[in-house]
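Chains as they are written, first to last, in UniProt numbering: chain A, 1 to 156; chain B, 1 to 156.
Each residue gets a CB set at the ideal place from its N, CA and C atoms; glycine is no exception.
Worksheet for the structure shown next.
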DNA sequence: AACGATTTTTTCGAATTTCGTAAAAAACTG
DNA sequence: CAGTTTTTTACGAAATTCGAAAAAATCGTT
C-alpha cells in the first residue's frame, strides 16, 4: 500500500464533510481531473483506507440512552468476550484496553429499561465477564470519524 | 419531524453498508421509484436524521495510538472543558457522563509521544480538569455508526 | 362513504455524473 | 537519458440525479 499523499488527504477531508460529493466537484475544487479523483478514491477504497458510510443521529432514531461500559474479564476470556459483544447491534464500539478495564464498550438503547436488560441479561450470559462499570451519557459534545488531518506524519 | 417508518429504516440500513449506493439501486431493491428514495433521503437529511460521511481506518492514516480518557472536572467547569476538548481534531468523541468520570473522551494519535504531549501539555492547559485517567487501546474489535435497527421502538 | 386538502409517490425528459478506456504526461529506475 | 511504470487526462457512452408536474395515497371532517 502506497503512502497517502497530500491529495489523498485532501480528498478524505472533503468526503469527511460530505460523503456524497461528486468526483467532478472534488476535481474542480482541487484543480484536478475527474479521472484522477476517481482513480484515487478507487485505490483508497481498495486499500481499505476508508469506507462510505452514514452517521445517524441516535436521538432521531429513538436511541435516547447511550452508555460506556468498562468491563473486567476473567483471565483468558478477554478475546471471546470482546467477540461476543461485537455481535450485538446495540454495541457500536468494542476495544481491549490497558488501564482499569480490560474491555471498554459503547452502546445505544431506546431507554433505561433496555440498558438494564442488556446489563443484567445479555452481559450476565456471556461467560468470562467479572465486572461491569456502567457510565451513562448525560450529554454528547462530539462524535465523529473526522480524524483525517493533513499534518505531517512523524518520522518513526 | 415525522416519525421514521419502515422504509426510512430500510434506506438507512442500506446506506449504512454503502453510503454511496445510488438512489436507483436502493429503489430497485425496495421496489419503489427513484424519486421516492430521493425525496425520503432529502427529508431525512433535512431533519438531521443522518449525514453522509466516510469512515477512515485510523491505522491506515498512521494513527496507531488510540485512547479513551476519563476526566474528572472541577465543579462548574465540566461544560467549558468539554467544549474546549471538542475543538481538538485528534479528539473524536466527547461526552458528559454519570459514573466515575465527569467526561469521557476518545482520541487518536500517531504515536505514544503525541499522546503524552496531549495529556501533559494540551490537557494541563485547559482550566478545570482535576484528573485524567488514560486507557490505551490495545485492540479494536468494533467501531461503527451502525446502530440503525428495524425493530420496534418501545412504547413510552 | 364522500369530500377536499395535504402529503407522498411516480413519471419523464434534461442535466449531470460516473464509467471504461486509450492516449498523453509525469515520475521513477537503472 | 532511454526505458519502464505510474499517474493523469480526455472523451464518448452509460448510468444517475435532478426538477417539476401528474397521479395516487393519506388524512380529517362531515
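Item                                                                                                                                                                  : Value
For a test of the three-state rule: what should DSSP assign to residue 6 (chain A), helix, strand or coil?                                                            : helix
Indicate whether at least one CB of chain B lies closer than 9 Å to the CB of residue 101 (chain A).                                                                  : yes
In the structure shown, what three-state DSSP assignment does residue 22 (chain B) receive?                                                                           : coil
Just to confirm, are residue 81 (chain B) and residue 129 (chain B) a CB contact at a threshold of 9 Å?                                                               : yes
Output, in chain order, the set of chain B residues within a Cβ distance shorter than 7 Å of residue 148 (chain A).                                                   : 56 and 61
Residues in the same chain with beta-carbon distance under 6 Å from residue 61 (chain A), minus the five sequence neighbours each way, listed in chain order, please. : none
According to DSSP, simplified to helix, strand and coil, what is residue 154 (chain B)?                                                                               : Caution is warranted here: a pLDDT of 49 is assigned to residue 154 (chain B), below 50, making its placement in the model unreliable, and the coordinate value is therefore given only provisionally. Three-state DSSP puts residue 154 (chain B) in coil, outside helix and strand.
Helix, strand or coil: how does DSSP classify residue 135 (chain A) here?                                                                                             : strand
What is the DSSP secondary structure of residue 149 (chain B), counted as helix, strand or coil?                                                                      : coil
So, using beta-carbon positions, are residue 106 (chain B) and residue 19 (chain A) closer together than 9 Å?                                                         : no
Is residue 96 (chain B) near residue 66 (chain A), with beta carbons less than 9 Å apart?                                                                             : no
Give the range of the alpha helix (DSSP H) segment to which residue 68 (chain B) is assigned.                                                                         : Element bounds for residue 68 (chain B): not the alpha helix (DSSP H) but the beta strand (DSSP E), 65 to 73.
Cβ atoms of residue 135 (chain A) and residue 135 (chain B): under 9 Å apart, would you say?                                                                          : no
Counting Cβ pairs closer than 8 Å, one from the segment 70 to 88 of chain B and one from the segment 3 to 10 of chain B, do we hit at least three?                    : no
Measure the C-alpha to C-alpha separation of residue 27 (chain B) and residue 22 (chain A) and round it to an integer number of angstroms.                            : 20 Å
Using the Cβ count rule (16 or more neighbours within 10 Å means buried), how would you classify residue 6 (chain A)?                                                 : exposed
Output, in sequence order along the chain, the residues in the segment 32 to 55 of chain B whose CB is closer than 8 Å to any CB in chain A.                          : 47, 48, 49, 50, 51, 52, 53, 54 and 55
With distance defined between alpha-carbon atoms, name the residue in B:127, B:40 and B:69 nearest to residue 100 (chain A).                                          : B:69
Could you give the first and the last residue of the continuous alpha helix (DSSP H) run that contains residue 49 (chain A)?                                          : Neither: residue 49 (chain A) is in no alpha helix (DSSP H) and is coded neither H nor E.
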